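Those letters in the sequence shown? Residues 11 to 266, per the numbering used here, in order.
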Amino acid sequence: MDITILGSGVCAVTVQRSCSCYCIQVDGLYTLFDIGFGALRRLAEAGIFYGDIDAVLCSHLHLDHIGDLAPLLMSLNYTPTLRRQKPLTLFGPPGFQDFMYRCCDLYGNWLLSPASYSIIIHEMSEKEIRLGSLIIRAMPMKHTKNAIGYRVKTNDAIIAYSGDTALCNSLVELCRDADVAIVECSFPDEQPTEYHLTPREAASAAQQANVRQLILTHFYPPVDENRIISAAAQFFHGNIILAEDLKRISIHPIKG
(Lines of atoms letter the chains of each structure in order from A; the text may use other names.)
(Lines give C-alpha, C1' and ligand atoms only; values in the text may rest on other atoms or scores of the structure.)
Protein backbone atom coordinates (compact mmCIF):
# COMPACT_ATOMS: atom_id res chain seq x y z
CA MET A 11 0.00 0.00 0.00
CA ASP A 12 1.33 3.42 -0.97
CA ILE A 13 0.17 6.72 0.52
CA THR A 14 0.90 9.90 -1.42
CA ILE A 15 0.38 13.07 0.56
CA LEU A 16 -1.08 15.64 -1.80
CA GLY A 17 -2.16 18.24 0.73
CA SER A 18 -0.87 18.52 4.30
CA GLY A 19 -2.03 22.06 4.94
CA VAL A 20 -5.18 24.02 5.67
CA CYS A 21 -7.22 26.87 4.19
CA ALA A 22 -4.25 29.17 4.89
CA VAL A 23 -2.43 27.83 1.82
CA THR A 24 1.34 28.08 1.48
CA VAL A 25 3.68 27.15 -1.36
CA GLN A 26 4.78 24.10 0.62
CA ARG A 27 1.40 22.88 1.82
CA SER A 28 -1.82 22.56 -0.16
CA CYS A 29 -5.25 21.72 1.27
CA SER A 30 -6.19 18.27 2.56
CA CYS A 31 -5.81 15.37 0.13
CA TYR A 32 -4.21 11.92 0.44
CA CYS A 33 -4.04 9.25 -2.25
CA ILE A 34 -4.12 5.61 -1.16
CA GLN A 35 -2.95 3.12 -3.78
CA VAL A 36 -3.73 -0.48 -2.90
CA ASP A 37 -4.89 -3.55 -4.82
CA GLY A 38 -5.14 -1.57 -8.06
CA LEU A 39 -7.47 1.07 -6.57
CA TYR A 40 -6.77 4.80 -6.32
CA THR A 41 -8.68 6.28 -3.39
CA LEU A 42 -8.55 9.85 -2.12
CA PHE A 43 -9.10 10.93 1.46
CA ASP A 44 -10.56 14.41 0.92
CA ILE A 45 -9.97 16.63 -2.10
CA GLY A 46 -9.33 20.19 -0.95
CA PHE A 47 -8.66 22.98 -3.42
CA GLY A 48 -5.32 22.48 -5.13
CA ALA A 49 -5.63 18.68 -5.12
CA LEU A 50 -5.78 18.28 -8.90
CA ARG A 51 -2.55 20.24 -9.33
CA ARG A 52 -0.85 18.13 -6.67
CA LEU A 53 -2.05 14.93 -8.38
CA ALA A 54 -0.37 16.09 -11.58
CA GLU A 55 2.82 16.96 -9.72
CA ALA A 56 2.81 13.50 -8.11
CA GLY A 57 2.42 11.81 -11.49
CA ILE A 58 -1.05 10.45 -10.68
CA PHE A 59 -3.67 10.84 -13.42
CA TYR A 60 -7.00 12.10 -12.10
CA GLY A 61 -8.75 9.78 -14.54
CA ASP A 62 -7.44 6.82 -12.52
CA ILE A 63 -9.20 7.86 -9.30
CA ASP A 64 -11.74 5.24 -8.21
CA ALA A 65 -13.17 6.88 -5.10
CA VAL A 66 -13.14 10.03 -2.99
CA LEU A 67 -13.82 9.82 0.74
CA CYS A 68 -14.91 13.25 2.01
CA SER A 69 -14.68 13.89 5.74
CA HIS A 70 -16.75 17.09 5.88
CA LEU A 71 -17.87 19.94 3.67
CA HIS A 72 -15.33 22.66 4.42
CA LEU A 73 -13.76 23.87 1.18
CA ASP A 74 -10.22 23.02 2.23
CA HIS A 75 -11.42 19.39 2.20
CA ILE A 76 -13.80 19.27 -0.80
CA GLY A 77 -12.87 22.33 -2.88
CA ASP A 78 -11.56 20.36 -5.87
CA LEU A 79 -14.41 17.84 -6.03
CA ALA A 80 -16.42 19.82 -8.60
CA PRO A 81 -13.27 20.52 -10.68
CA LEU A 82 -12.50 16.78 -10.64
CA LEU A 83 -15.95 15.96 -12.04
CA MET A 84 -15.62 18.62 -14.72
CA SER A 85 -12.16 17.35 -15.67
CA LEU A 86 -13.42 13.78 -15.96
CA ASN A 87 -16.18 14.93 -18.31
CA TYR A 88 -14.31 17.40 -20.49
CA THR A 89 -10.82 16.02 -21.00
CA PRO A 90 -10.87 15.31 -24.78
CA THR A 91 -8.59 12.27 -24.59
CA LEU A 92 -10.44 10.67 -21.67
CA ARG A 93 -13.46 8.44 -22.14
CA ARG A 94 -13.95 7.19 -18.62
CA GLN A 95 -16.06 4.07 -18.20
CA LYS A 96 -15.37 2.82 -14.68
CA PRO A 97 -17.65 4.27 -11.99
CA LEU A 98 -16.56 6.97 -9.57
CA THR A 99 -17.64 6.34 -5.98
CA LEU A 100 -18.07 9.30 -3.65
CA PHE A 101 -18.34 8.88 0.12
CA GLY A 102 -19.41 11.69 2.40
CA PRO A 103 -20.99 12.61 5.73
CA PRO A 104 -24.72 12.99 6.41
CA GLY A 105 -26.00 15.74 4.12
CA PHE A 106 -23.52 14.87 1.36
CA GLN A 107 -26.18 13.75 -1.10
CA ASP A 108 -28.00 17.08 -0.76
CA PHE A 109 -24.69 18.89 -1.16
CA MET A 110 -24.07 17.08 -4.45
CA TYR A 111 -27.59 17.88 -5.69
CA ARG A 112 -26.98 21.56 -4.92
CA CYS A 113 -23.68 21.47 -6.80
CA CYS A 114 -25.49 20.01 -9.80
CA ASP A 115 -28.15 22.72 -9.57
CA LEU A 116 -25.41 25.33 -9.53
CA TYR A 117 -23.16 23.94 -12.26
CA GLY A 118 -25.61 21.83 -14.25
CA ASN A 119 -24.22 19.81 -17.13
CA TRP A 120 -20.68 20.94 -16.49
CA LEU A 121 -20.50 18.33 -13.73
CA LEU A 122 -22.57 15.39 -14.85
CA SER A 123 -23.02 15.53 -18.62
CA PRO A 124 -21.92 14.24 -21.05
CA ALA A 125 -20.84 11.46 -18.69
CA SER A 126 -19.78 8.06 -19.99
CA TYR A 127 -19.56 6.63 -16.48
CA SER A 128 -21.72 6.35 -13.38
CA ILE A 129 -21.29 8.23 -10.12
CA ILE A 130 -22.17 6.30 -6.97
CA ILE A 131 -22.78 8.33 -3.81
CA HIS A 132 -22.67 6.88 -0.30
CA GLU A 133 -23.84 9.01 2.60
CA MET A 134 -21.96 7.33 5.42
CA SER A 135 -23.28 5.97 8.67
CA GLU A 136 -21.23 3.56 10.81
CA LYS A 137 -22.22 0.71 8.49
CA GLU A 138 -19.34 -0.86 6.55
CA ILE A 139 -19.28 -0.51 2.76
CA ARG A 140 -17.11 -2.59 0.44
CA LEU A 141 -15.24 -1.06 -2.48
CA GLY A 142 -13.31 -3.76 -4.32
CA SER A 143 -10.98 -5.26 -1.73
CA LEU A 144 -11.51 -2.32 0.66
CA ILE A 145 -13.90 -2.31 3.60
CA ILE A 146 -14.76 1.28 4.48
CA ARG A 147 -16.30 2.49 7.71
CA ALA A 148 -16.97 6.00 8.99
CA MET A 149 -17.18 7.30 12.54
CA PRO A 150 -18.35 10.71 13.79
CA MET A 151 -15.61 13.17 14.70
CA LYS A 152 -15.71 16.31 16.86
CA HIS A 153 -15.54 19.19 14.39
CA THR A 154 -18.52 20.31 12.33
CA LYS A 155 -21.96 18.83 13.03
CA ASN A 156 -21.60 15.90 10.62
CA ALA A 157 -17.81 15.56 10.35
CA ILE A 158 -16.57 11.98 10.03
CA GLY A 159 -13.32 10.06 9.93
CA TYR A 160 -12.65 6.93 7.90
CA ARG A 161 -11.32 3.50 8.78
CA VAL A 162 -10.32 1.40 5.77
CA LYS A 163 -9.40 -2.28 5.90
CA THR A 164 -7.40 -3.78 3.05
CA ASN A 165 -6.44 -7.43 2.65
CA ASP A 166 -3.47 -6.97 4.97
CA ALA A 167 -3.62 -3.53 6.62
CA ILE A 168 -5.82 -0.99 8.40
CA ILE A 169 -5.59 2.72 7.68
CA ALA A 170 -7.40 5.43 9.65
CA TYR A 171 -8.00 9.02 8.59
CA SER A 172 -9.28 11.54 11.13
CA GLY A 173 -10.28 14.38 8.84
CA ASP A 174 -10.68 17.39 11.14
CA THR A 175 -11.46 16.71 14.78
CA ALA A 176 -10.85 17.57 18.38
CA LEU A 177 -9.95 14.86 20.89
CA CYS A 178 -12.83 12.41 21.35
CA ASN A 179 -13.45 8.74 22.13
CA SER A 180 -14.49 7.97 18.56
CA LEU A 181 -11.08 9.11 17.30
CA VAL A 182 -9.44 6.44 19.46
CA GLU A 183 -11.85 3.80 18.18
CA LEU A 184 -11.32 4.92 14.59
CA CYS A 185 -7.57 4.40 14.99
CA ARG A 186 -7.76 1.17 17.01
CA ASP A 187 -4.87 -1.17 15.98
CA ALA A 188 -4.35 0.72 12.71
CA ASP A 189 -1.19 0.02 10.74
CA VAL A 190 -1.15 3.71 9.88
CA ALA A 191 -3.25 6.61 11.13
CA ILE A 192 -3.36 9.95 9.33
CA VAL A 193 -4.32 12.37 12.10
CA GLU A 194 -4.74 16.11 12.02
CA CYS A 195 -2.43 18.22 14.18
CA SER A 196 -3.46 21.78 13.50
CA PHE A 197 -1.99 23.79 16.37
CA PRO A 198 0.85 23.58 18.91
CA ASP A 199 0.19 22.36 22.44
CA GLU A 200 0.36 25.95 23.68
CA GLN A 201 -2.54 26.89 21.40
CA PRO A 202 -5.33 24.31 21.95
CA THR A 203 -8.69 24.84 20.24
CA GLU A 204 -12.18 23.40 20.51
CA TYR A 205 -12.29 21.84 17.03
CA HIS A 206 -8.74 20.67 16.26
CA LEU A 207 -5.88 18.63 17.73
CA THR A 208 -2.46 19.48 19.11
CA PRO A 209 0.60 17.16 18.93
CA ARG A 210 0.02 15.93 22.47
CA GLU A 211 -3.64 15.15 21.81
CA ALA A 212 -3.05 13.43 18.47
CA ALA A 213 -0.17 11.36 19.86
CA SER A 214 -2.07 10.39 23.02
CA ALA A 215 -5.04 9.17 20.99
CA ALA A 216 -2.75 7.15 18.71
CA GLN A 217 -0.93 5.59 21.66
CA GLN A 218 -4.20 4.67 23.36
CA ALA A 219 -5.41 3.12 20.08
CA ASN A 220 -2.24 1.04 19.62
CA VAL A 221 -1.43 2.62 16.26
CA ARG A 222 1.67 1.30 14.49
CA GLN A 223 2.59 4.39 12.44
CA LEU A 224 1.30 7.92 12.97
CA ILE A 225 1.23 10.50 10.18
CA LEU A 226 0.63 13.99 11.58
CA THR A 227 -0.87 16.49 9.15
CA HIS A 228 -3.17 19.52 8.60
CA PHE A 229 -0.78 22.18 9.87
CA TYR A 230 -1.55 25.86 10.24
CA PRO A 231 1.43 28.06 9.37
CA PRO A 232 4.01 28.61 10.61
CA VAL A 233 5.04 24.99 11.16
CA ASP A 234 7.85 24.14 13.59
CA GLU A 235 8.55 20.57 12.53
CA ASN A 236 11.05 19.77 15.27
CA ARG A 237 8.70 20.93 18.01
CA ILE A 238 5.80 18.91 16.61
CA ILE A 239 7.85 15.71 16.46
CA SER A 240 9.40 16.16 19.90
CA ALA A 241 6.05 17.00 21.49
CA ALA A 242 4.29 14.02 19.90
CA ALA A 243 7.12 11.60 20.73
CA GLN A 244 6.54 12.17 24.43
CA PHE A 245 3.13 10.52 24.15
CA PHE A 246 3.35 8.15 21.16
CA HIS A 247 6.00 5.44 21.08
CA GLY A 248 5.55 4.18 17.51
CA ASN A 249 6.86 5.63 14.27
CA ILE A 250 5.94 9.30 13.72
CA ILE A 251 5.90 10.81 10.23
CA LEU A 252 5.38 14.50 9.60
CA ALA A 253 3.27 14.96 6.47
CA GLU A 254 4.79 16.86 3.56
CA ASP A 255 3.15 17.53 0.21
CA LEU A 256 4.22 15.00 -2.46
CA LYS A 257 5.80 12.65 0.09
CA ARG A 258 5.12 9.00 -0.76
CA ILE A 259 4.99 6.42 2.02
CA SER A 260 4.93 2.65 1.53
CA ILE A 261 3.14 0.64 4.20
CA HIS A 262 4.22 -2.98 4.55
CA PRO A 263 2.17 -5.46 6.60
CA ILE A 264 3.79 -7.12 9.60
CA LYS A 265 4.44 -10.77 8.84
CA GLY A 266 3.92 -13.57 11.30
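By construction, the Cβ of each residue, glycine as well, lies at the ideal position given by its N, Cα and C atoms.
Because the structure is a prediction, the values reported are computed rather than measured.
Open item on the list: Please confirm whether C113 has its beta-carbon closer than 7 Å to some beta-carbon of chain C.
Closed with: Protein chains in the displayed structure number just one, and chain C is not present.
Open item on the list: Looking at V190: is its Cβ nearer than 7 Å to the Cβ of I169?
Closed with: yes
TODO: Please report how far the alpha carbon of I146 lies from the alpha carbon of K163, in whole angstroms.
DONE: 7 Å
Task: Buried or exposed (CB count within 10 angstroms, at least 16 for buried), S172 - done: buried
Open item on the list: Please return the same chain residues whose Cβ sits closer than 7 Å to the Cβ of E254, not counting the five positions on each side in sequence.
Closed with: I15 and S18
Open item on the list: I'd like to check one pair, L141 with G159: are the Cβ atoms closer than 7 Å?
Closed with: no
TODO: Would you tell me roughly how many angstroms separate the C-alpha atoms of Y205 and F197, rounded to the nearest one?
DONE: 10 Å
TODO: Rounded to whole angstroms, what's the CA-CA distance from F101 to A242? Just pull it up for me.
DONE: 30 Å
Task: Ranges of the beta strand (DSSP E) found wholly within the segment 12-49, counting only runs of at least 3 - done: 12-17, 31-36 and 39-45
- [ ] Within the same chain, show all residues whose beta-carbon is closer than 8 Å to that of I238, passing over the 5 residues directly before and after it, in chain order.
- [x] C195, P198, P209, L226, F229 and L252
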